[in-house]
Each structure stands twice: as structure tokens, then as C-alpha cells.
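Inspection log for the structure reproduced underneath, given as C-alpha cells.
2 protein chains.
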Amino acid sequence: MSQQRTDSSASPAFPDLPEATVARLPEYLRALHTLAEQGHDTVSSEGLAAAAGVNSAKLRKDLSHLGSYGTRGVGYDVALLITQIEAVLGLSQHRTVALVGIGNLGHALAGYGGFASRGFSVAALFDAERAQVGERIGDLVVRHIDELAEVVAAEGISIGVITTPVHAAQHVADRLVAAGVTSILNFAPCVLAVPPGVDVRKVDLAVEMQILSFHEHRKALTALPVPRPAPNGRAGEAIGT
Amino acid sequence: MSQQRTDSSASPAFPDLPEATVARLPEYLRALHTLAEQGHDTVSSEGLAAAAGVNSAKLRKDLSHLGSYGTRGVGYDVALLITQIEAVLGLSQHRTVALVGIGNLGHALAGYGGFASRGFSVAALFDAERAQVGERIGDLVVRHIDELAEVVAAEGISIGVITTPVHAAQHVADRLVAAGVTSILNFAPCVLAVPPGVDVRKVDLAVEMQILSFHEHRKALTALPVPRPAPNGRAGEAIGT
DNA sequence: CGCGATTTGTGCGTGCGTTCACAAACGCAT
DNA sequence: ATGCGTTTGTGAACGCACGCACAAATCGCG
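Sequence order for the protein chains is F and V.
Taking full-length UniProt numbering, the leading residue of the first sequence gets 1, the next gets one more, and so forth.
Taking full-length UniProt numbering, the leading residue of the second sequence gets 1, the next gets one more, and so forth.
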């Protein structure tokens, strides 16, 4: 079973990959790149699982959904696995993204170097405020949002990132969709209504902190349920990821 | 069945709240604040679910874990529910956070106003580079990381946010833990090793985009599996959240 | 005071995700 | 060529989470 199959159609279409698996593939990919830099040619499921911070059984089951790219008794070929995961994630073609809302967070993301190295390039910046339009960030210039549709079509942009205030987010989402964007990453703390066929993922920093706050609160409560010193300690336990 | 119970111990300790529920509570809280601003005194599970972007049955089951704070035939008291969820999440005490790594993203988060309004305040900024130390951001001054332990103790900081490059993240995590921090929000794309009892949540922007990329890739493949025009369209379907 | 409309709280079935545990496959040394 | 240690791939059991659907509870009105 060599990689003979990967001649014409390198991506055999995975209509039924478990969503939980999809969410972990990028993590495996990152771990694999790290291992490749360290000079590893092959890696065992145990080793890769440790680098990705998951259970080895889960990793093997995840990878088995992509096909048999491991060798029993040896492990996985690092370079081959990178190629395969990138193909499945659709990273073979370098995807271009549009960033809308050039405030604090927008500035940071526009200048963030971690995108290009992971298969993405920020192709255009937009804002509605005339004050921001024309500003130069890196090698891009902020354009007015009225140019959105035109630029999206010209640059072949398929992913939009929203970093506007809440009150503008839905309007921006509508314009992105109208311009033909079918995937949106939303940093504004609100729910977006989009037509079927459009994917939205949301990242809310305050939500993450509030989840941490809950566990913090819980740890504080279970640590001192009794006023007494409680000599045999061992109170806090790990919560997992 | 009034809120008579909430006299002395306002937070009855929820050791066994489903993790999935905990992850959604912040979303409900945000939706409730929005509704409160719009003047709603009460809200039905249907209405709140819509505002939070979830199913109403799921919302009711989530809230039922906190106790019975709704009135049949009427709905939920918005103000009361806000108080209760905040108590469960441990937001009654305003939590203070330390931000380590004042680069692009660190700057943005330090200046982000969305924290204070959601129960958190950034109490201190740290960096290892002498170039950044001393810089003033908002009403805070960037301090050297050697002062971490001292400041954490003085300010009662319980949450640390890591926005350093990958190569420094583990070292910073170690120092945070040594200083007594028991919850970490990690923006560096790597896994952190921490002792039991310490919680780590990870936010990786590239991972979110790669997940979107997968669905984008999949949509492109299923939309044109046959070279022919395929007259009866209806290709893309919603993926859900 | 009783009735109907409305909405919560929840028991139950179902599906997904995780984990265990082991047989099959592979490399290597003898 | 054969056997041994190693590691993958996966069948099966388990547990969690989701959604349906309905009984119980509450309000308003006649």
C-alpha cells in the first residue's frame, strides 16, 4: 500500500469526517511541523499524541479516518502525513482572507505572522471609518468597505474575518456574504445570522476567560469546604483540556 | 420558591456541572446583558436561545442544572438570571489577569475594552524584552517578567494570559505557575505542560481558520463532483456551529 | 373560581465521541 | 527463513450530550 493513489485527485473528498476529528487535525499538523523541524522522519502515535496534547488511541482513530498512512512496528512518516492532512484541510491552495474592522484587534491580526506559515495570507483590509482608510499596515493599505465586493472577486477571497465592534458585525457579515464569502471567523461577541451554506466560527476572548473563572471559582470552593486545616491535602485535581 | 436561599452562601458550589454547559453559560450571560439593555424584564427560553444561538431545549436543560430560576408560563427573570450565572461562573468577585508578552496581540488585548465589561480587569503587563519594559499602554506600564511573582501576589492575580512567541511560552507558563497562577489562557500555538490543578485553555487563530478551510474545501468538492452543469442545484448545506 | 393558553423542567431514546484492548502487520536480528 | 518485539488499525463497550416530547406549573381572563 504505497501512496500510489495520490496521482490525479490528491484529495479523495471526505464528506463524513467526524467534526471532532476535523477540529483536531490542525493541532496534529502543527505538531508534525515541529517534529519535522527537529529532524524526525517518522513518529509513533504515542509521540505525536504527546506533541499534540491528546490521547494516543484518539489520535490513531482520527488518522485512520484519512486512510492507512502509518507502518505497523514503525510509526507514521512525518512528511507524508503532513502532505495528507494539508490535502484534507484544503491547504494545498494557499487561501486568502479579508480582514474587516481595523481596530485594536484588527491591527494585531493584520501584523500577525502566524498566518502565512500556516497556509493563509491576509489579502485585504477593510474598515468603514474614513479615519482608518488609507492607513498602511505591513504591505497592505486599508480600504473602505464599499470596495469589499470588488476586491473579494478580484483576489479570490473565500474567508472573511470580522473584528469590528458588535453593532457593525451583522452588517459586515451581510456584506461579506453578498460579496461571495462562504466562511466567516467572527471575533465580535454576538451571534451572526447567515444563510445556509455559509460557515461561521466564533472566537470570544471573554468567554474563554469566564470558563477559566468558573474552574477557578470551583477550585476555591472545593479547596476550603471545611474551615479546619484539613491535614491530608491533595485538593485540586486536573480538569483536562 | 423564592430566592430565599441566596442569603449567606450565594454560590452553592456546582462540582458536577457538565463541561459543555459551562462552555455555554458565558454565551447566555452575554445574550442576557443584551436583552437587559433592550429593556426586557423577562425572556422565554425560546427568545434567549435565539439570542444565544442555541436550541431552546438545550438552553432549558443547561439552566435547570443551576436550579429553578424560571417561572412556567412566563419565562426567566433577566436580572435574576444574570446574577445567578455570574455567581456560578465566579464573576461576583472582579477577577484580575496578568498579560505576558506585549507584542502585536498583547497590545491589542491590553487595549481591548471588552474585558472590564465582562467581569475582568487587566491588572498587569509583562515582557522579557527590555525594549518593551516601561512602555505605557492605557493606564498600565509594562513591567519586566522578573517582577511577576511579586506583582501576582500583590494584586491577587489568578489568571494569566500568554501572548508570547512559541519558544517562550512554556517558560512563561512555568513562571506563572510558580507565582501561584492556577488558570492560563494560551495564545501561543503549542501545548503547555502544567502540574495538576492548573487549567489551561488554548486559543489558536490559525486552527480556527484551518477548520473553516476544511469546510470550504469540502463545499467546493461536493458542489462540482460532476463536470456537467447539474441543473437541479441545491449543493451547499449548512454545517451548523 | 375555573379554564385555557403559555412556558418551564425533565425523562427517555438516540447518536456521537472516547477509551480499552487486541489481532494483524511490519522490521530486524539471528 | 523464522521468531520476537513493536506499533498500527479497529471492533466493542462505555459515557456524555443532544433533542424530542410531554407532564406539571403558572398566569390571565371571564
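Glycine included, each C-beta is placed from N, C-alpha and C at the ideal position.
V:Glu208 versus F:Phe187, F:Ala154 and F:Arg218, residue with shortest Cα-Cα distance: Here residue 208 of chain V corresponds to residue number 208 of the second sequence, with the count starting at 1. Nearest of F:Phe187, F:Ala154 and F:Arg218 to V:Glu208, Cα basis: F:Phe187.
Span separating the alpha-carbon of V:Arg228 from that of F:Ala23: For the purposes of this step, residue 228 of chain V is taken as residue 228 along the second sequence, with counting starting at 1. For the purposes of this step, residue 23 of chain F is taken as residue 23 along the first sequence, with counting starting at 1. Because V:Arg228 sits at a pLDDT of 47, beneath the cut-off of 50, its placement in the model cannot be relied upon, and the following sentence gives the value as read from the coordinates. Going by the C-alpha atoms only, they are around 33 Å apart.
V:Phe214 (DSSP reduced to helix, strand or coil): Position 214 of the second sequence, counted from the start, is the residue given in the question as residue 214 of chain V. Helix, per DSSP.
V:Val100 in three-state terms, based on DSSP: Along the second sequence, one-based indexing puts residue 100 of chain V at 100. If DSSP states are grouped into helix, strand and coil, V:Val100 belongs with the strands.
Member of V:Phe126, V:Val152, V:His40 and V:Leu66 whose CA lies at the smallest distance from the CA of residue 252 of chain V: This structure gives no information on residue 252 of chain V, because the portion of chain V shown stretches from 1 to 241.
Whether V:Gly101 touches V:Thr182 by CB criterion (8 Å): What you label residue 101 of chain V is simply residue 101 of the second sequence in a count that begins at 1. What you label residue 182 of chain V is simply residue 182 of the second sequence in a count that begins at 1. Cβ distance not < 8 Å, so V:Gly101 and V:Thr182 don't count as in contact.
V:Leu140 in three-state terms, based on DSSP: Counting from one through the second sequence, the residue named residue 140 of chain V turns up at place 140. Strand, per DSSP.
Cα-Cα separation between V:Thr222 and V:Ala20, rounded to whole angstroms: In the second sequence, the residue the question calls residue 222 of chain V occupies position 222. In the second sequence, the residue the question calls residue 20 of chain V occupies position 20. Approximately 31 Å, taken between the alpha carbons.
Between the CA atoms of V:Asp41 and F:Gly53 - distance to the nearest angstrom: Mapped onto the first sequence, residue 53 of chain F falls at position 53. Mapped onto the second sequence, residue 41 of chain V falls at position 41. Roughly 45 Å between the two C-alpha positions.
Contacts around F:Val200, its chain only, beta-carbon distance under 7 Å, and the 5 residues preceding and following it disregarded: Counting from one through the first sequence, the residue named residue 200 of chain F turns up at place 200. Excluding sequence neighbours, F:Val200 sits near Ile184, Asn186, Leu192 and Val194.
Nearest residue (CA-CA) to V:Ala51, options V:Glu27, V:Val203, V:Ala220 and V:Val198: Mapped onto the second sequence, residue 51 of chain V falls at position 51. Looking at the Cα atoms, V:Glu27 is the closest of the given residues.
Cross-chain neighbours of F:Thr96 in chain V, by beta carbon under 8 Å: Here residue 96 of chain F refers to the residue found at position 96 of the first sequence. Going along chain V, no residue has its Cβ under 8 Å from F:Thr96, so there is no contact; the nearest lies around 11 Å.
Classification of F:Arg118 by the beta-carbon crowding that lies within 10 angstroms, buried from 16 upward: As a first step, residue 118 of chain F must be located in the first sequence, where it is residue number 118. That one is buried.
Neighbourhood of V:Leu25 by C-beta distance below 8 Å, restricted to the same chain and skipping five residues each side: Residue 25 of chain V sits at position 25 when you count from the first residue of the second sequence. Hits under 8 Å: Asp62, Ile85, Val88 and Leu89.
Buried/exposed call for F:Glu216, threshold 16 Cβ in 10 Å: As a working mapping, residue 216 of chain F is identified with position 216 in the first sequence. Looking at its Cβ environment, which holds 16 or more other Cβ atoms inside 10 Å, F:Glu216 is buried.
Element boundaries [alpha helix (DSSP H), containing V:Ala157]: Residue 157 of chain V sits at position 157 when you count from the first residue of the second sequence. In the sequence as presented, Ala is not what sits at residue 157 of chain V; that position holds Ile. No alpha helix (DSSP H) holds V:Ile157; DSSP gives it neither H nor E.
Three-way DSSP call (helix, strand, coil) for V:Ser56 in this model: Position 56 of the second sequence holds residue 56 of chain V. In this structure, V:Ser56 counts as helix in the three-state DSSP scheme.
Neighbour flag for V:His107 against chain F, beta carbons, 8 Å: Position 107 of the second sequence holds residue 107 of chain V. Taking Cβ atoms only, chain F reaches closer than 8 Å to V:His107, which makes this a yes.
8 Å Cβ cutoff, F:Phe126 in contact with chain V: Stepping through the first sequence from its first residue, residue 126 of chain F is reached at position 126. No, F:Phe126 lies away from the interface with chain V (no Cβ there is under 8 Å from its Cβ).
Nearest neighbour of F:Cys190, chosen from V:Ile82, V:Leu35 and V:Val161 [CA to CA]: In the first sequence, residue 190 of chain F corresponds to position 190, counting from 1. It is V:Leu35.
Segment contact, 8 Å Cβ cut-off, at least three pairs: the region 140 to 158 of chain F with the region 90 to 100 of chain F: yes
Exposed unless 16 or more other CB atoms sit within 10 angstroms - verdict on F:Val39: The residue labelled residue 39 of chain F in the question sits at position 39 within the first sequence. The residue asked about is misnamed: residue 39 of chain F is Gly in this sequence, not Val. Counting Cβ neighbours within 10 Å, F:Gly39 comes out exposed, since fewer than 16 surround it.
Three-state class that DSSP yields for F:Thr34 in the structure shown: Working through the first sequence from its first residue, we reach residue 34 of chain F at position 34. F:Thr34: helix per DSSP, three-state reduction.
Closer than 7 Å at the beta carbon, the chain F residues around V:Leu185: For this step, residue 185 of chain V is matched to residue 185 along the second sequence. Residues of chain F passing the Cβ test: Glu208, Met209 and Leu212.
Cutoff 6 Å; reference F:Arg136; Cβ partners in own chain excluding five residues on either side: Numbered from 1 along the first sequence, position 136 holds the residue referred to as residue 136 of chain F. Closer than 6 Å at the Cβ level, and outside the excluded window around F:Arg136, lies no residue.
Where the beta strand (DSSP E) through V:Arg201 begins and ends: Here residue 201 of chain V is taken as the residue at index 201 of the second sequence, counted from 1. V:Arg201 -> beta strand (DSSP E) spans Asp199 to Lys202.
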